[in-house]
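Take a look at the structure below.
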Amino acid sequence: MSAWPWPTTADVALRAYAASYSSLLIEAALGVQSLLASPEGQQKAPGCIRHYGEWRVQCQHSPEDRSMLLVTWLEEILYRHEVHDQWFLEGAMKIEEVNGALTAVAQVTWVVADEVERELEIKAVTTHLLAVDEVQAGVTVPSPDPDVPEFQGPGWYCDVVFDI
């Protein structure tokens, strides 16, 4: 996994790393799931009956903004398990761009969310301290917390804070 939680005041934050922007969205989603699931839930989820589908997400108010597409994607992950009982397990992502508007298109594997024990509830994805950046080769991004490793490019990283 390439996502690490770090504490903030009354919230929880997540930093994720990946080789590409599309992979970063998948890593961030997996990081969210690791925050939500109990240790038992994390162990049990891969053994549940799997379902497959395509999830498409576009940020309506800032369709060209990669940061807001990440926020919208993570909101979709939370919405799917809260409303549709779909627990994101894994996926492959591509980003489509039409006239500057970005759409995340994910081929996903999901399981029934009620079968995954949770220990945390995320109320919202926030834009507080939000960062989504490409890191050039040889550039190091310092850690926000002693439990989170620093990241050396090339690649992408994000910091996201969740209201719990």
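Residues in the sequence shown are numbered from 889 upward in steps of one, following our numbering. Heads up, the beta-carbon is just placed ideally off N, CA and C, and yes, glycines get one too.
Distance from the CA atom of P1042 to the CA atom of R938, rounded to whole angstroms, is 33 Å. S911 is positioned such that its CB atom lies no closer than 9 Å to that of M956. Taking the Cα positions, G929 is about 10 Å away from D1002. The three-state reading of DSSP puts L1017 in coil, since its state is none of H, G, I, E or B. Along the segment 959-992, the beta strand (DSSP E) occurs as fully enclosed runs of 3 or more residues at 974-986, listed in sequence order. Counting along the chain, the unbroken beta strand (DSSP E) around A906 starts and ends at D899 to A906. The count of Cβ pairs closer than 8 Å, one atom from the segment 1016-1029 and one from the segment 989-999, stays below three, leaving the stretches out of contact.
Rounded to the nearest whole angstrom, the CA to CA distance from D1051 to T1014 is 7 Å.
Contact between Y909 and W1044 holds: CB atoms are separated by about 5 Å, below the 8 Å threshold. In this model, T960 and H969 are separated by some 14 Å (Cα to Cα). In this structure, the CA atom of W943 is about 23 Å from the CA atom of K932. With fewer than 16 other Cβ atoms inside 10 Å of its own Cβ, D1035 counts as exposed. In the structure shown, R1006 adopts extended strand secondary structure according to DSSP, grouped into three states.
Around L902, the same chain offers A891, P893, G919 and V1048 as residues with beta carbons nearer than 6 Å, after the five sequence neighbours per side are excluded.
Y905 is classed as buried because its beta carbon has at least 16 other beta carbons within 10 Å across all chains shown. From the listed residues D973, Q946, A916 and L966, the smallest Cα separation to V1000 is found for D973. For the 9 Å CB-CB criterion, A916 and L962 form a contact.
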